[in-house]
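Note sheet for the following structure.
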Amino acid sequence: MSTVVNQLARYGAIGIHAPYRMVSILDMRITQKINDHGHLFLTAVLSDEEGESYEQGKMSADKIEIFDTDLHKQDICLFKGKIRSTEIRYKNGVYTIRLEAISYSSLLDTTNKNRSYQNSGITYYELFREIVDSYPHGDFIDLIDAEQHLNEFTLQYEETDWEFLCRMASRLNTGVIAEVISEYPRLWLGASKGRIKGTINSHNYSIQKSDTVPKYKYIEVQDNQYFQLGDVVLFHSNTWSIDQCFIELEKSTLKYNYTLVPEEGIPRTKYANTRLHGASLEGRVIDTKEDFVKVHLSIDAQQDKLKSCWFAYSTMYTGDSIGWYCMPEYGDTVILYFPTDEEQQAYITQAVRKKAGKNDLIHQPDHKRFHTRQGKVARFDPKEAAFSTQEEKIIIRLNQGTGLHVYSHHNITFHADEDIVLHGKKVEMSASGMLKAASKGSYIQLDGTFQTHAARLSQKGLSTAELKAYYSLIKEMNGQNYPQWLQNGLLKFKKQYYEANAKGDQKASQQAAEKAKQLRQQWKSICQLPDWAREQMNDYTAQWWAAHAINDKKEENRLHGLASRLRDNVQINALIRDCPGNAYKDANRLEEISRQYADIVNHLAPGDKKVLAQEAAELRSKYGVGDLAARQNLNKLAHKYPDSFQYKLPMKGEWDKELNSALYDFAKKYGLADKGYSREVLEVYLYQVANGILPWPKVKPVTKIKPATSEINQKDEVIPKQEVSNKDIPQTNYKDEILEKSVIEAYINAHNLKGNRAKAIYRVNEYSSNSIIRNSLSANKNIPLVFFFEGDGSYSHTQSDHPEGRYGASVIVVIDGHIKYTSANTSTLPDHEKKSATVNEGVYDFVGGLHRGDYPALRIRDGGAVSSKIDGRSYTATGINIHKGYNRDNPDRPTSTGCITIHKDEYIGFLAAVGVVQNSLSESPKKIRGLAIIDRKDRS
75 MSTVVNQLAR YGAIGIHAPY RMVSILDMRI TQKINDHGHL FLTAVLSDEE GESYEQGKMS
135 ADKIEIFDTD LHKQDICLFK GKIRSTEIRY KNGVYTIRLE AISYSSLLDT TNKNRSYQNS
195 GITYYELFRE IVDSYPHGDF IDLIDAEQHL NEFTLQYEET DWEFLCRMAS RLNTGVIAEV
255 ISEYPRLWLG ASKGRIKGTI NSHNYSIQKS DTVPKYKYIE VQDNQYFQLG DVVLFHSNTW
315 SIDQCFIELE KSTLKYNYTL VPEEGIPRTK YANTRLHGAS LEGRVIDTKE DFVKVHLSID
375 AQQDKLKSCW FAYSTMYTGD SIGWYCMPEY GDTVILYFPT DEEQQAYITQ AVRKKAGKND
435 LIHQPDHKRF HTRQGKVARF DPKEAAFSTQ EEKIIIRLNQ GTGLHVYSHH NITFHADEDI
495 VLHGKKVEMS ASGMLKAASK GSYIQLDGTF QTHAARLSQK GLSTAELKAY YSLIKEMNGQ
555 NYPQWLQNGL LKFKKQYYEA NAKGDQKASQ QAAEKAKQLR QQWKSICQLP DWAREQMNDY
615 TAQWWAAHAI NDKKEENRLH GLASRLRDNV QINALIRDCP GNAYKDANRL EEISRQYADI
675 VNHLAPGDKK VLAQEAAELR SKYGVGDLAA RQNLNKLAHK YPDSFQYKLP MKGEWDKELN
735 SALYDFAKKY GLADKGYSRE VLEVYLYQVA NGILPWPKVK PVTKIKPATS EINQKDEVIP
795 KQEVSNKDIP QTNYKDEILE KSVIEAYINA HNLKGNRAKA IYRVNEYSSN SIIRNSLSAN
855 KNIPLVFFFE GDGSYSHTQS DHPEGRYGAS VIVVIDGHIK YTSANTSTLP DHEKKSATVN
915 EGVYDFVGGL HRGDYPALRI RDGGAVSSKI DGRSYTATGI NIHKGYNRDN PDRPTSTGCI
975 TIHKDEYIGF LAAVGVVQNS LSESPKKIRG LAIIDRKDRS
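In my numbering, each residue's number is its place in the sequence shown (first place is 1) plus 74.
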């Protein structure tokens, strides 16, 4: 029989707070598991009064609490929870009740929610805190120091808060523990470690192996002591963690059954949200760049543009500049599609058209339209195609019935590098004011009168010199596409050459040949420019020669200035592209601005030149262009190297004689004074030297020679370092080559390396002039350099479940001019190049850390953004690590989804060579910083 004291009913050692008066307890079980709520199952005999109340509907479900009594007769709470189901039975004159209760952590597990976390910079602790704090009296305790950043787009989709938090915990290779003795929703992230809560001395136990992770064993043990889930206990002189807890009533006595796992835990499966696969979410565009989009998803109340992430847009424009490039614009509604159950694979598939008003032009399915916000329209009707701009003030119509129609409110200009041919049964040309045809200073003009003008009117055929010049040019071109200005100039000078030869004028003949040679050199220098500048320079040159033909000095000077400015921009962009970080993006934008500016100047596109010039100036100012920036960098240079530079310039944003003298002094000392560089180019050089991007003193270039003999295969060309004396090398900087020739040959001989593996070691020195490596070695000669040469390794195991296979790379660890480690069993490629991010080739900084919070690894850019590709499309990946790989993959758990891998058998040796660990993966990784170089030139 029970006795009731202060509403606590006791049944032997068991105490119960419940809304029912129970006569005796027949059965009781309490279960606790990681990533699950606490559950209570209770069967008891009710008093007749309670049973009759239930039949009359007077009983109400409420909370229930279970207590045990410790050795000191103190109550120990085992469970507090909500009763969520009851069943009353009446048999043989006795009422029995069966009830099930659940811990208050279930309050987080009631409603499916949708929300996104686009700010990948927040930590997992902040995410947990935000969610748990949204519940009254909710709380959680972080036992794993969850200060890792999300580092990727994260989405809660059709998940309860509990499901979502468990999934987030799995990313950290841990779990969530529900607090079962609280009246509020509270939980623990991870299990306690290090502090032993007690000793289990029971002899009633069994040892078993995990089905999911066979190399791990666990113990099932029964004891009379109470421990909480996640506690660390001592059993058979070893420390174990309680992974499951099962409390049951056995002969009126509570028995505690525990599942023990090693204290360090067992690997936990990373949870995936299967509901996400194939899902689509609507959002509004808040920013665009290249083929990436930022969106404010409709499931979120607010979205900070600066903290949102970029999503790839599924454009049909390929990396080979082929296809259809049509990005959504600010404010457009788009669809974010999830092809897998991983959020980071999401991309924007299409823009969604919202219902328009009465004047909507889209109402005939057989009429196709392409319409921009700026009024540009491409229209395709059943009988006509039309292109218009400025509300049809300029229009081209192609009508299958009436032909081609061109109308312009402004001028119409036809331009061709070659001929323009008009051919038809009848060609009519009319003008209300004047009709004029002109070439090379001659013209025919009709304006009510007929006028002709020419320096010479000839009715004879071509001269012998002209014919020779023409045939000589045809032979020289030999199918090449010379621009018209070059053809005209060469014809002119070739004609002069043959005329002088016919007269026996050797001096005039040589002068004509020299002028033709200068033209060819001018064209060669244009061809050596990057693509974005080559066309502009060709246009400027053609226009200059046209102005020269009519002796227009003003136009010549204008075009000469534009060409000089373009050459400066080419040099500035090349310097900016060598800067670390995201400088390449600024260089790309400056190239785009230069194209747009040229189009506006040549009246090929509308636009505001001042706006573009201002944007370009702001971008260049980031890299030292400007009077104030030049003063700052000159003073910084003087502060860093007082023996070489003595500047103390006042900080004012204007050019003066003092600034001019200081900049010239820098240019002279850095060997730039006689290069013909503009002020802006010198300012960018100054910025790079002052900020350690370029070295001081300037490193002298070394001429490389090919060795007479080599131990590697004849087809593998090797260019080792030429020996130079120490006096030619500033002692404060790195060696001219990363590895001495003697070091390379000694290592190859000692390890009997041949073929591609030997070639890979020689290829290290190809990076001796890389500015990032050069500057890093100048600052710290002991920085680890980790080279990956894809295609020079042997790691290419057959994998039926990964048909793309994996290529082999050689890894080489170099520290202070010495080879510390090499291996052919590495890879810089993911298991699925079409489905996972493939890190672009390049030089990346790394820091020693943990791979997914599990074991030591090298973290590329410390988890920051890394330029990558997926199936040929540009992509930005985060969380890229250098970690261990395996011979054979599991399709559910691939070796790499974007990282760089070292075979597991060689992984510890690799990390030890870098200096991250000494001899075990159980060590805490040292935060060693270094450079990882990814090279795929030898990939077959």
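Each residue gets a CB set at the ideal place from its N, CA and C atoms; glycine is no exception.
Every value quoted in this text rests on a predicted model; they were computed, and no experiment measured them.
- [ ] Indicate, with yes or no, if the ligand PLP has a heavy atom lying under 7 Å from the CB of L560.
- [x] Ligands in the displayed structure: none, and consequently the ligand PLP is not present.
- [ ] Sort out for me which residues DSSP pairs H479 with in a bridge.
- [x] R471
Task: Cβ-based neighbour list, L27, same chain, cut-off 8 Å, excluding 5 preceding and 5 following - done: Coverage of the chain is limited to positions 75 through 1014, which leaves residue 27 absent and any answer about it impossible.
Open item on the list: Which of the three DSSP states is assigned to D790 in this structure?
Closed with: Bear in mind that the predicted position of D790 carries a pLDDT of just 30, short of 50, making it unreliable; the figure below should be weighed with that in mind. Reduced to three states, the DSSP call for D790 is coil.
Task: Where F488 falls, given that 16 or more other Cβ within 10 Å makes a residue buried - done: exposed
Open item on the list: On the CB-based measure, 16 or more other CB atoms within 10 Å of its CB, does K1001 come out buried or exposed?
Closed with: K1001 comes out exposed.
Open item on the list: Runs of 4 residues minimum, wholly inside the segment 207–285: which ones carry the alpha helix (DSSP H) assignment?
Closed with: Runs found: 235–245.
TODO: Starting from the Cα of I1017, find the closest Cα among E139, T160 and I157 and give me that residue.
DONE: Past the edges of the chain, shown from 75 to 1014, lies residue 1017, and the structure says nothing about it.
Open item on the list: Just to confirm, is the Cβ distance from A87 to D142 under 8 Å?
Closed with: yes
Open item on the list: By DSSP's criteria, Y387 is part of a beta bridge. Which residues make up the other side?
Closed with: I422
Task: Of the listed residues N166, E294, D213 and K722, nearest to S256 (C-alpha basis) - done: D213
TODO: Reducing DSSP to helix, strand and coil, say where Q69 ends up.
DONE: The chain is shown only over 75 to 1014; residue 69 falls outside these bounds and no answer can be derived.
- [ ] Specify, as a first and last residue, the run of the beta strand (DSSP E) that F861 falls within.
- [x] L859 to E864
Task: Three-state class that DSSP yields for G86 in the structure shown - done: coil
Open item on the list: Strictly by DSSP, which residues pair up with T373?
Closed with: According to the sequence displayed, residue 373 carries Ile and not Thr. Secondary-structure assignment with DSSP links I373 through no beta bridge to anything.
- [ ] Whole angstroms is fine: what's the gap from H892's alpha carbon to Y821's?
- [x] 9 Å
Open item on the list: If the criterion is Cβ atoms closer than 8 Å, does the pair A118 and L100 meet it?
Closed with: Contact flag set, yes.
- [ ] On a CA-only basis, which of N555, M242, E550 and Q554 is nearest K568? Give me that one, please.
- [x] E550
TODO: Return the Cβ separation of P904 and G972 in integer angstroms, given the expectation that the two are a contact with Cβ distance under 8 Å.
DONE: That belief holds up - the Cβ atoms of P904 and G972 are roughly 5 Å apart, short of 8 Å.
- [ ] Give me the Cβ distance between V426 and V369, rounded to the nearest whole Å; I'm assuming they're in contact under 8 Å.
- [x] Their Cβ separation, rounded to whole angstroms, is 12 Å, which puts V426 and V369 out of contact at 8 Å.
Task: Under 8 Å between C-beta atoms of W236 and L201 - done: Cβ distance not < 8 Å, so W236 and L201 don't count as in contact.
- [ ] Give, in chain order, every unbroken run of the alpha helix (DSSP H) that is at least 4 residues long and sits entirely within the segment 924–952.
- [x] DSSP runs (the alpha helix (DSSP H)) wholly in the segment 924–952: none.
- [ ] Following the continuous beta strand (DSSP E) through N899, name the residue where it begins and the one where it ends.
- [x] H892 to S901
Open item on the list: Measuring CB atoms only, is the segment 753–772 touching the segment 693–700, in the sense that at least three cross pairs come out at less than 8 Å?
Closed with: yes
- [ ] Hey, could you find the ends of the beta strand (DSSP E) L737 is sitting in?
- [x] Element bounds for L737: not the beta strand (DSSP E) but the alpha helix (DSSP H), K731 to K743.
Task: Euclidean distance between Cα positions of K1021 and K743 - done: Limits of the chain in this structure are 75 at one end and 1014 at the other, which puts residue 1021 out of reach.
- [ ] Identify the continuous beta strand (DSSP E) that holds M96 and give its terminal residues.
- [x] M96 to K107
Open item on the list: Tell me the DSSP secondary structure of Y697 in three-state form.
Closed with: coil
- [ ] Can you say whether Q230 is buried or exposed, counting buried as having 16 or more other CB atoms within 10 angstroms of its CB?
- [x] Burial call: buried.
TODO: Pull up the distance between the alpha-carbon of H622 and that of T538, whole angstroms please.
DONE: 26 Å
Open item on the list: Using only the alpha-carbon positions, how far apart do I108 and R933 sit?
Closed with: 29 Å
Task: Where L380 falls, given that 16 or more other Cβ within 10 Å makes a residue buried - done: exposed
TODO: Could you name the residues that DSSP lists as bridge partners for P336?
DONE: W314
Task: Bridge partners - G352, DSSP secondary structure assignment - done: Paired residues: none, contrary to the question.
- [ ] Have a look at the DSSP bridge pairing and note the partners of Q192.
- [x] According to DSSP, which records beta bridges pairwise, Q192 is partnered with nothing at all.
Open item on the list: Would N647 and E630 qualify as a contact pair, given that the criterion is a beta-carbon distance under 8 Å?
Closed with: no
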